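Only one structure is covered here, and it is reproduced in the block below.
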Amino acid sequence: MITWLAFGHFKWSKQDGGLVRLVINNFTRKRKTVNDGDLADHILTCLFVSNFIGIVFWRSLHYQFYCWYFHTLGYLILRSALPNMLGVFVVIGIEVSFNIFPATPISSGVLQMCHFMLLIGLWFSESDKQKVE
Numbered sequence: 027m028i029t030w031l032a033f034g035h036f037k038w039s040k041q042d043g044g045l046v047r048l049v050i051n052n053f054t055r056k057r058k059t060v061n062d063g064d065l066a067d068h069i070l071t072c073l074f075v076s077n078f079i080g081i082v083f084w085r086s087l088h089y090q091f092y093c094w095y096f097h098t099l100g101y102l103i104l105r106s107a108l109p110n111m112l113g114v115f116v117v118i119g120i121e122v123s124f125n126i127f128p129a130t131p132i133s134s135g136v137l138q139m140c141h142f143m144l145l146i147g148l149w150f151s152e153s154d155k156q157k158v159e
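Right, dumping it as structure tokens:
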């Protein structure tokens, strides 16, 4: 929850002055006008990263959960501050980890390491427009 709130306050609503200022502005009708393309990009990024944060901190990760976010991994890698080659290795690490049955301590460790590397890369990404244009 703390990670999700941190992303919400420092990354997603940074231009609005943080979560509290965003909520206040929405209640007082002081909204900024934004380009529809930028808004769609921003919404997509917020939803995908939110879902990914939930996956990263889930207590027990089952194989079925992979379908919740595998299709967003490419987008998240492009949005992150990770170098492209490292992003490829992160995706391969996640894929290999989920394809080992039954899970081993090594495969679980690789999965968590890849998840945290991607999460850190998303945290340090400069903006919503990085690398995706």
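The sequence shown lines up with residues 27 to 159 when you count with the numbering used here.
In this text, a Cβ means the ideal position worked out from N, Cα and C, and glycines have one as well.
Just so it is clear, the structure is predicted and the values come from calculations on it, not from any experiment.
Please work out which residues of its chain come closer than 8 Å, Cβ to Cβ, to residue i, disregarding the five sequence neighbours upstream and downstream, and give them in chain order.
i      : result
Phe127 : Tyr89
Phe142 : Val82
Trp94  : Asn77 and Ile81
Pro109 : none
Phe91  : Ile81 and Trp84
Who are the near neighbours of residue i in its chain, counting only those whose CB is closer than 6 Å to its CB and skipping five residues on each side?
i      : result
Phe115 : none
Ala107 : Gly147, Phe150 and Ser151
So, with DSSP's three-state summary, where would you put residue i?
i      : result
Leu108 : coil
Val136 : helix
His88  : coil
Lys157 : Residue placement at Lys157 is flagged as unreliable, the pLDDT there being 43, under the threshold of 50; the coordinate-derived value follows with that caveat. In this structure, Lys157 counts as coil in the three-state DSSP scheme.
Glu152 : coil
Ile81  : helix
Taking C-alpha atoms, which residue in the options lies nearest to residue i?
i      : options                        : result
Met139 : Thr71, Thr54, Thr98 and Val117 : Val117
Ile146 : Asp64, Val75 and His68         : Val75
Phe33  : Leu73, Leu137, Leu99 and Asp64 : Leu73
Gln41  : Met27, Thr29 and His68         : His68
Gly100 : Leu144, Leu31 and Met27        : Leu144
Just to confirm, is the Cβ distance from residue i to residue j under 7 Å?
i      : j      : result
Ile103 : Gly113 : yes
Thr130 : Arg105 : no
Near residue i, which residues of its chain fall below 7 Å by C-beta distance, leaving aside the five closest residues on each side in sequence?
i      : result
Ser133 : Ser123 and Ile126
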